[in-house]
Amino acid sequence: MLKPRIFITIGFLLAGLILFAVLEAYEKKTNVEKEQASRVAISFFNSLSNGDSATAYKYVWSGENLNIRNAEIPQIYKDSKVLEVLKVRYDSAKNRPDYYQQFYKMISLTIKIKTVHADLAGNPAGTYIVFVTVVKKIQNLIGSLLSWAVGANK
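Count along the sequence shown from 1, then add 161; that gives the number in the numbering used here.
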């Protein structure tokens with residue numbers, strides 16, 4: 162009578178340990194993906210800040226007519242500085258325009274930047290909060306920075 166209880170107890174302990182290991186691995190993976198998304202967004206803004214719009218646009222998803230590809234945008238962000246990443250969270254394509262439906266993963270970032278040039282709407286230079294959506298179009302097991310793309314709304 163004692164042996165079955167021991168085996169059941171050991172089984173529950175093993176199941177709990179496996180569940181804990183799976184949750185830890187998932188949390189580690191999500192933290193890595195969020196860090197990658199942050200690096201892509203920061204690289205994008207740093208490229209714009211350095212006046213290298215060609216490199217910055219490599220991070221922007223192609224095929225879409227976004228206001229971010231406007232010729233004046235690089236001038237607004239020239240010499241700007243990313244102060245900090247305020248928030249990073251997973252996002253969903255639900256209730257978004259059709260072109261968002263093609264993406265496998267979406268991560269929304271809230272970034273604080275300091276600009277030194279006025280924008281197109283006449284807003285003065287200063288500290289702004291920029292909302293950025295970083296997306297991954299196709300599912301692959303080995304994620305790379307180049308598979309992430311940026312869309313920014315100021």
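Glycine residues also receive a C-beta, built at the ideal position from the N, C-alpha and C atoms.
All values reported here derive from a predicted model rather than from experimental measurement.
Residue nearest to residue i in terms of C-alpha spacing, selected from the options
i    : options                : result
V277 : T294, V243, A186, G172 : V243
G283 : K195, V221, I234       : I234
E196 : Y251, Q262, Q263, K275 : Y251
V295 : I268, A279, I272       : I268
K275 : S210, K266, Q263       : S210
Y265 : G177, I272, S253       : S253
In DSSP terms, what residue i is bridged to
i    : result
L270 : V249, V293
K275 : K242, T288
Anticipated Cβ contact below 8 Å, residue i with residue j, distance rounded
i    : j    : result
L281 : V249 : The pair is not a contact, with the Cβ atoms about 27 Å apart (cut-off 8 Å).
| field | the segment 279 to 296 in contact with the segment 208 to 218 per 3-pair CB rule at 8 Å | value | no
| said: Any contact between the segment 198 to 207 and the segment 183 to 190? By contact I mean 3 or more CB pairs, one from each, below 8 Å. | reply: no
| Between the segment 257 to 268 and the segment 234 to 242, do three or more beta carbon pairs fall short of 8 Å? | no
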